[in-house]
Amino acid sequence: MTEEKKLTYADKPWKKSYKLGPFKLAETMAPFPEISVYKLLEDSTTNFPDSRAINFMDEEITYQELKLQVDKFATALSDLGIKKGDTVATILPNCPQFIICDFAILRLGAIHVPLSILHKAPDLLYELGESKAETVICSYRRIERIHQIKDQVSVKTMIYTTVPIFPDYSLPEIKETYGAIRFEDLINKYDPNPPEVEINPKEDLAELPFTGGTTGVPKGTMLTHYNVTTTIIQTFQWYTKPLEAGIKGKASVLVCVPTFHQYGHMIVFASVLMGMCVFLVDPRDIKGILEIIKKHRPFMVCAVPTHYMLFIEGDIPRMPIFYYSGAAALPSEVAEKFEKKAGVPMGEGYGMTESSITHINISALSKVTGFMAEVKRGVGMPVPDTDVKLVDPETGEEVPFGEAGEILVRGPQLMKGYWPTPGKGLTEDGWVSTGDIGKMDEDGYFHIVDRIKDMINVSGMKVYSRVFEDLLYKHPAVNEAAIIGVPDPERPGSERVKAFVQLNTGFKNKITTDEVIEYCREKFPPYAVPKSVEFRKTLPLTLAMKIFKRKLRDEEIAKMKERGEIK
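Basically this note's numbering = 1-based index in the sequence shown + 47.
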């Protein structure tokens, strides 16, 4: 009797789940076209010239109108001296100008460096200095901030837009533009005649986004045109293929995350690939987002877990076909509460700046089409043509199926390297370490257990904060929760567990921290029970609306030093 071959990650056991359901999703999307990112806009304009491309504050732009403005602005940038290989930085919130700048920069073969609108002077100095961008495009109320630092970096040209853009309403009016050029004047001045530029999609960079920096010094991530176009074909074109006839050139997507963040940026590119309309909103305007959903009925809503926690407290319209969550792991309790209230299934995806999207949960599609009775939880399975394995973080050896290990990924969507060195950040055989601990179930679905840097060491015992946060979310009083590790003064080299909790409405002053700790004693193993719990009105968030654990940890360590508990 022949012994059955033991499967490894190289066998891609998740492929069997591609075949579940009535549509039989493709095992591969290769060969991928070697095209520029601008070609996506060009093709959708040819195929859907009068279809909506952007909806912003109820003002709409068609694909034909968008391409016209892109080509005009590309002509202007060329006349200002921007050429292939130059880096051009933008500091713009969700607005049409971001998308126009994006495609215009790439049209010229230049490299788009999207920077956070919340950056203070030190962050701007670092990222502008690293990228060596000589041109910066921003909203007019940010001109002064750039002017103050421009002589310390390479910036020579500033372009600003005067169009009202949220959340700039809270910023003071300015009287001086410091020689900056008005965006709208350039659009009005130039004809749509940009120079033809030859682009090598596999070699030439399209984007240089910086990693978030919440766990260390931000690094510029070199993404080629091929990286960008491949990742959206692997994801959006792949899993929406069964619905293509009904959505291409017709449907809309609501982007609830910043477009300068990689998650939001990829959703924009994917929407353009499919000829869909992008609804641009202020990510923090929960009431406004829910009103747009009710009024416009988008095909898909793309948001982060914090959005869904806040949506649950509001009146969720039962309109979109899909709700998707990304950028941070989605607590299963939150997903279940949301689905129950919204009446529609939601999916989840996974990726990072260095790899774009590597996993997607297609069970929501299967639920909508009637094949699956329940939505599977987790970030889903690897997208086609992507290699994934789980390894022991200390030894680098593959861990057995079902056991926790660090997620390593490899595929055509992975970055070229960290700026400015090709290959930096990748192993010799092309793997990227994600820094996330995960597990794979019997269907090839992956589940995020924790960030390696969020894992807590309690006297040698590993406490995966995400696992125990999920248990906390099951308590009816808990709206948001974050578990961190802080130094244990009594055990050098060990940590103590501390939990931060934002209470649900109706539980304030009706539950104590001791009661929460007692709940944890009932649900957690002894070593994982928090030594202390702190109630907060709100938990700090990163710009991508993830709970900012490093900030919580730094604040707690500072307090411990003040009390003389640690040095």
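For every residue, glycine included, the Cβ atom is placed at its ideal position computed from N, Cα and C.
Same chain, Cβ closer than 7 Å to residue i, five either side skipped, listed in chain order
{"i": "phenylalanine 103", "result": "Cys142, Pro143 and Leu327"}
{"i": "aspartate 517", "result": "Pro378, Ser379 and Glu380"}
{"i": "alanine 151", "result": "Val117, Phe120, Ala121 and Leu124"}
{"i": "tyrosine 207", "result": "Cys185, Ser186, Tyr187, Ile190, Thr224, Ala227, Arg229 and Phe230"}
{"i": "alanine 57", "result": "none"}
{"i": "phenylalanine 615", "result": "The structure shown does not extend to residue 615, since the chain spans only 48 to 614, so no value can be given for it."}
Sequence-distant residues of the same chain with beta carbon closer than 6 Å to residue i, five excluded per side
{"i": "glycine 472", "result": "Gly464 and Tyr465"}
{"i": "valine 183", "result": "Ala136, Ile193, Val202 and Met205"}
{"i": "glycine 260", "result": "Caution applies to glycine 260, whose pLDDT of 47 falls short of 50 and renders its modelled position unreliable; the value that the coordinates give is listed next. There are no such residues."}
{"i": "glycine 390", "result": "Arg365"}
{"i": "arginine 424", "result": "Ser379"}
{"i": "glutamate 445", "result": "Lys436 and Val438"}
{"i": "valine 160", "result": "Thr134, Ala136, Ser178, Ala180 and Leu255"}
{"i": "glycine 309", "result": "Per the sequence shown, the amino acid found at residue 309 is glutamine instead of glycine. Contacts found: Pro256 and Thr400."}
{"i": "serine 91", "result": "Tyr110, Val319 and Gly322"}
Cα-Cα separation, residue i to residue j
{"i": "asparagine 94", "j": "phenylalanine 385", "result": "37 Å"}
{"i": "threonine 224", "j": "valine 580", "result": "49 Å"}
{"i": "methionine 393", "j": "asparagine 408", "result": "9 Å"}
{"i": "aspartate 251", "j": "lysine 509", "result": "43 Å"}
{"i": "leucine 162", "j": "phenylalanine 257", "result": "8 Å"}
{"i": "glutamate 475", "j": "proline 469", "result": "12 Å"}
{"i": "glutamate 562", "j": "phenylalanine 554", "result": "12 Å"}
{"i": "methionine 502", "j": "phenylalanine 145", "result": "37 Å"}
{"i": "lysine 614", "j": "lysine 608", "result": "6 Å"}
{"i": "isoleucine 279", "j": "glutamate 489", "result": "27 Å"}
{"i": "lysine 222", "j": "tyrosine 187", "result": "10 Å"}
{"i": "arginine 344", "j": "tyrosine 370", "result": "12 Å"}
{"i": "threonine 262", "j": "alanine 529", "result": "Its pLDDT being 46, under 50, threonine 262 is placed unreliably by the model, and the measurement read from it follows with that caveat. Cα to Cα, threonine 262 sits roughly 16 Å from alanine 529."}
{"i": "alanine 546", "j": "valine 533", "result": "11 Å"}
{"i": "lysine 179", "j": "valine 244", "result": "22 Å"}
{"i": "lysine 130", "j": "isoleucine 138", "result": "20 Å"}
{"i": "lysine 342", "j": "aspartate 105", "result": "11 Å"}
Reduced DSSP secondary structure (H/G/I, E/B, other) of residue i
{"i": "valine 275", "result": "helix"}
{"i": "histidine 406", "result": "strand"}
{"i": "glutamate 445", "result": "strand"}
{"i": "threonine 262", "result": "Annotation note: pLDDT 46 at threonine 262 (below 50); position unreliable, no value reported."}
{"i": "leucine 252", "result": "strand"}
{"i": "histidine 494", "result": "strand"}
{"i": "phenylalanine 385", "result": "helix"}
{"i": "valine 117", "result": "helix"}
{"i": "arginine 229", "result": "strand"}
{"i": "aspartate 601", "result": "helix"}
{"i": "methionine 399", "result": "strand"}
{"i": "serine 64", "result": "helix"}
{"i": "isoleucine 129", "result": "coil"}
{"i": "cysteine 185", "result": "strand"}
{"i": "glutamate 453", "result": "strand"}
{"i": "isoleucine 613", "result": "coil"}
For residue j and residue i, believed in contact at Cβ under 8 Å, the rounded distance
{"i": "asparagine 551", "j": "alanine 524", "result": "6 Å"}
{"i": "lysine 119", "j": "proline 239", "result": "5 Å"}
{"i": "threonine 134", "j": "isoleucine 158", "result": "5 Å"}
{"i": "proline 431", "j": "glutamate 74", "result": "6 Å"}
{"i": "valine 302", "j": "valine 325", "result": "6 Å"}
{"i": "serine 83", "j": "histidine 272", "result": "5 Å"}
{"i": "arginine 583", "j": "isoleucine 531", "result": "So it is not a contact: roughly 13 Å between Cβ atoms."}
{"i": "arginine 99", "j": "glutamate 107", "result": "5 Å"}
{"i": "isoleucine 564", "j": "valine 576", "result": "7 Å"}
{"i": "valine 456", "j": "threonine 405", "result": "5 Å"}
{"i": "tyrosine 237", "j": "aspartate 126", "result": "7 Å"}
Residue i - containing beta strand (DSSP E), residue span
{"i": "tyrosine 370", "result": "369 to 372"}
{"i": "glycine 485", "result": "479 to 487"}
{"i": "alanine 546", "result": "542 to 550"}
{"i": "tyrosine 207", "result": "204 to 208"}
{"i": "proline 534", "result": "525 to 534"}
{"i": "aspartate 434", "result": "434 to 438"}
{"i": "proline 161", "result": "158 to 161"}
{"i": "methionine 508", "result": "508 to 510"}
{"i": "leucine 327", "result": "324 to 327"}
Residue i: first and last residue of the uninterrupted alpha helix (DSSP H) it sits in
{"i": "cysteine 567", "result": "560 to 570"}
{"i": "glycine 176", "result": "168 to 178"}
{"i": "tyrosine 355", "result": "352 to 359"}
{"i": "asparagine 94", "result": "85 to 94"}
{"i": "serine 318", "result": "309 to 320"}
{"i": "arginine 154", "result": "143 to 154"}
Residues of its chain near residue i, where Cβ-Cβ distance is below 8 Å and the 5 sequence neighbours each way are ignored
{"i": "lysine 66", "result": "Leu72"}
{"i": "proline 440", "result": "Gly452, Glu453, Ile484 and Ile499"}
{"i": "lysine 578", "result": "Arg543, Val544 and Lys545"}
{"i": "isoleucine 604", "result": "Val533, Pro534 and Ile613"}
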